[in-house]
Amino acid sequence: MDWSKAKTILLFAFLALNIYLLFQLLTETWATEVVTNDNTSIAQILDQRNVDASKLPRMGRDIGYLTGSSEQMSASMITQNREAQLATTLDNMQLEVELKQPVPLDQNDLRTTAATFVSEYVPFGSEYAYWRYDAETRQVAFVQTYENNKIFSNPEINGETEQYIGPSLLLLQLNEAFEVTDYKQRHLTNLSSKSQDDLVLTASEAISQLAARKYFQPNQEMRAINTGFYSLPLDSSGSLIIMPPLWAITIDEDAYFVNAIDGTVERVEFDSEE
Numbered sequence: 001m002d003w004s005k006a007k008t009i010l011l012f013a014f015l016a017l018n019i020y021l022l023f024q025l026l027t028e029t030w031a032t033e034v035v036t037n038d039n040t041s042i043a044q045i046l047d048q049r050n051v052d053a054s055k056l057p058r059m060g061r062d063i064g065y066l067t068g069s070s071e072q073m074s075a076s077m078i079t080q081n082r083e084a085q086l087a088t089t090l091d092n093m094q095l096e097v098e099l100k101q102p103v104p105l106d107q108n109d110l111r112t113t114a115a116t117f118v119s120e121y122v123p124f125g126s127e128y129a130y131w132r133y134d135a136e137t138r139q140v141a142f143v144q145t146y147e148n149n150k151i152f153s154n155p156e157i158n159g160e161t162e163q164y165i166g167p168s169l170l171l172l173q174l175n176e177a178f179e180v181t182d183y184k185q186r187h188l189t190n191l192s193s194k195s196q197d198d199l200v201l202t203a204s205e206a207i208s209q210l211a212a213r214k215y216f217q218p219n220q221e222m223r224a225i226n227t228g229f230y231s232l233p234l235d236s237s238g239s240l241i242i243m244p245p246l247w248a249i250t251i252d253e254d255a256y257f258v259n260a261i262d263g264t265v266e267r268v269e270f271d272s273e274e
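Under the UniProt record's numbering, think of the first position of the sequence shown as 1, with each following residue one higher.
#1: Determine, using beta carbons only, whether Y183 and V268 come nearer to each other than 7 Å.
#2: For the stretch 238–254 against the stretch 202–209, do three or more pairs of beta-carbon atoms, one drawn from each stretch, fall closer than 8 Å, so that the two count as touching?
#3: Report the residue from E179, I151, E176 whose alpha carbon sits nearest the alpha carbon of L169.
#4: On the premise that P245 lies in contact with I63, defined as a C-beta separation below 8 Å, what is that separation, rounded to the nearest angstrom?
#5: Taking R213 and Q94 to be in contact with their CB atoms under 8 Å, please state how far apart those CB atoms are, rounded to whole angstroms.
#6: Thinking C-alpha only, which one of T145, D197, R58 is nearest S126?
#7: Using beta-carbon positions only, say whether L188 and G68 come within less than 7 Å of one another.
#8: Going by DSSP in three states, T137 sits in which element: helix, strand or coil?
#9: Starting from E179, trace the beta strand (DSSP E) in both directions and tell me its first and last residue.
#10: Can the beta-carbon of M222 be found less than 7 Å from the beta-carbon of V51?
#11: Who are Y68's beta bridge partners in DSSP?
#12: Going by other Cβ atoms of all chains shown within 10 Å of its Cβ, with 16 needed for buried, is E147 buried or exposed?
#13: As a quick exercise: from M73, R49, A224, N190, pick the residue whose alpha carbon is nearest that of P57.
#14: Tell me whether D134 is buried or exposed, calling it buried when 16 or more other Cβ atoms sit within 10 Å of its Cβ.
#15: By alpha-carbon positions, which one of V103, R49, A43 ends up nearest to Q220?
#16: Could you check which residue in L105, S70, N149 has the C-alpha nearest to that of A129?
#17: Alpha carbon to alpha carbon, what distance is there between Y215 and P167?
#18: Mind listing, in chain order, the continuous alpha helix (DSSP H) runs of no fewer than 4 residues lying wholly within the stretch 67–140?
#19: Quick check on A177: buried or exposed, where buried means 16 or more other Cβ atoms within 10 Å of its Cβ?
#20: Given this structure, state the Cα-to-Cα distance separating Q44 from A211, to the nearest angstrom.
#21: With which residues is D254 paired in a DSSP beta bridge?
#22: Check whether the Cβ atoms of T89 and M73 sit closer than 7 Å, and answer yes or no.
#23: Measure the alpha-carbon distance for Y65 versus S195 and round it to whole angstroms.
#24: With distance defined between alpha-carbon atoms, name the residue in Q107, W131, N190 nearest to E253.
#25: Would you say A75 and A87 are within 7 Å of each other, going by their C-beta atoms?
#26: What do you get for T227, buried or exposed, if any count of 16 or more other CB atoms within 10 angstroms of its CB means buried?
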């Protein structure tokens, strides 16, 4: 055996191994720095906005999504206080009800008294949960729930010929005296939970998405953050609706939806009545 050549081969092999190990070490170091920098950035965003990360809600990493369809609505669904309500439907998808006499709510306890109205007047009332009150439009928004998870929708969706409220929404219209004068309702049916493999955004990551888009500035206040699902109609008929998990976040008076799968952000607009 030529020991000189053997030594040369072993030397190069040892050198190659050292280079490989050094590369692995540098790769791990760079990855650690990236994660640390990202975490520090998010921590700074929360700190600048007085958000306590330990108090933020959590969303299960294994949460799936929902599928469903729009309920065919009809006036016959009203079984409580029926004589006090005048009901019509829009394309059999949206119930539109005018009250013969306005029903007063307590301005100082709006959430509770509005929920009482829903339970006593509205079809499927027990399936809806309070979402928010918009002072400009004087609308109280409720959303349908599935296994204690809220299903959020945009207040208005453009159909082929008409405008509808979101497929999981119930909107109460108030007058200046905080009385319910009318309401619009849609309802989801055939709800089913599906699994998915994608990881979801944490609350901190969702907040950072708003900050990156200048929707959440250090001088603003985060008033609410909730987990839930977001109803996405695939066509105006509502025959199939996909509902991915989301974060619903209120900054000052503005509401935002952050898709927990892809991080897209949508600002919620409550339009005034015509």
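Using N, Cα and C, we set each Cβ at its ideal position, and we do this for glycine too.
For this structure:
#1: Your numbering for residue 183 matches position 183 in the sequence shown. Your numbering for residue 268 matches position 268 in the sequence shown. No, the Cβ-Cβ distance between Y183 and V268 is not below 7 Å.
#2: yes
#3: Position 169 of the sequence shown, counted from the start, is the residue given in the question as residue 169. Of E179, I151, E176, the residue nearest in Cα terms is I151.
#4: Position 63 of the sequence shown holds residue 63. Position 245 of the sequence shown holds residue 245. So it is a contact: roughly 5 Å between Cβ atoms.
#5: As a first step, residue 213 must be located in the sequence shown, where it is residue number 213. As a first step, residue 94 must be located in the sequence shown, where it is residue number 94. Incorrect: roughly 32 Å between the Cβ atoms, too far for contact.
#6: Along the sequence shown, read from residue 1 onward, the residue named residue 126 stands at position 126. Checking every option, the nearest Cα to that of S126 belongs to T145.
#7: Here residue 188 corresponds to residue number 188 of the sequence shown, with the count starting at 1. Here residue 68 corresponds to residue number 68 of the sequence shown, with the count starting at 1. Yes, these two residues count as a Cβ contact at 7 Å.
#8: Walking along the sequence shown from the start, residue 137 turns up at place 137. Coil at T137, not helix or strand.
#9: For the purposes of this step, residue 179 is taken as the residue at position 179 of the sequence shown. Taken as a continuous stretch (DSSP letters only), the beta strand (DSSP E) holding E179 covers 179–185.
#10: Taking the first residue of the sequence shown as 1, we reach residue 222 at position 222. Taking the first residue of the sequence shown as 1, we reach residue 51 at position 51. Yes; because the gap between Cβ atoms is below 7 Å, this pair is in contact.
#11: As a position in the sequence shown, residue 68 is number 68, starting the count at 1. A small correction: the amino acid at residue 68 is Gly; Tyr does not occupy that position in the sequence shown. For G68, which the question treats as bridged, DSSP gives the partners I241.
#12: The sequence position of residue 147 within the sequence shown is 147, counting from 1. So E147 counts as exposed.
#13: Counted from its first residue, the sequence shown places residue 57 at position 57. When each option's Cα is compared against that of P57, the closest is A224.
#14: Numbered from 1 along the sequence shown, position 134 holds the residue referred to as residue 134. The residue in question, D134, is buried, as its Cβ has 16 or more Cβ neighbours within 10 Å.
#15: Counting from 1 along the sequence shown, the entry for residue 220 is found at position 220. The residue with the shortest Cα to Cα distance from Q220 is R49.
#16: As a position in the sequence shown, residue 129 is number 129, starting the count at 1. Here the closest residue by C-alpha is N149.
#17: Residue mapping note: residue 167 aligns to position 167 of the sequence shown, counting from 1. Residue mapping note: residue 215 aligns to position 215 of the sequence shown, counting from 1. Looking at the two C-alpha atoms, the distance is approximately 26 Å.
#18: 110–121
#19: Here residue 177 refers to the residue found at position 177 of the sequence shown. By the 10 Å Cβ count, A177 comes out exposed.
#20: Residue numbering aside, residue 44 sits at position 44 when the sequence shown is read from its first letter. Residue numbering aside, residue 211 sits at position 211 when the sequence shown is read from its first letter. Each residue's alpha carbon lies about 11 Å from the other.
#21: As a first step, residue 254 is located in the sequence shown; it is residue number 254 there, counting from the start. D254 is bridged to I251.
#22: In the sequence shown, counting from the first residue as 1, residue 89 sits at position 89. In the sequence shown, counting from the first residue as 1, residue 73 sits at position 73. Yes; because the gap between Cβ atoms is below 7 Å, this pair is in contact.
#23: Counting from one through the sequence shown, the residue named residue 65 turns up at place 65. Counting from one through the sequence shown, the residue named residue 195 turns up at place 195. Approximately 6 Å between the Cα atoms of the pair.
#24: Translated into the one-based positions of the sequence shown, residue 253 becomes position 253. The option with the nearest alpha carbon to E253 is W131.
#25: One-based indexing of the sequence shown puts residue 75 at position 75. One-based indexing of the sequence shown puts residue 87 at position 87. Yes, these two residues count as a Cβ contact at 7 Å.
#26: Start at 1 with the first residue of the sequence shown, and residue 227 comes out as number 227. Its Cβ being crowded by 16 or more others within 10 Å, T227 is buried.
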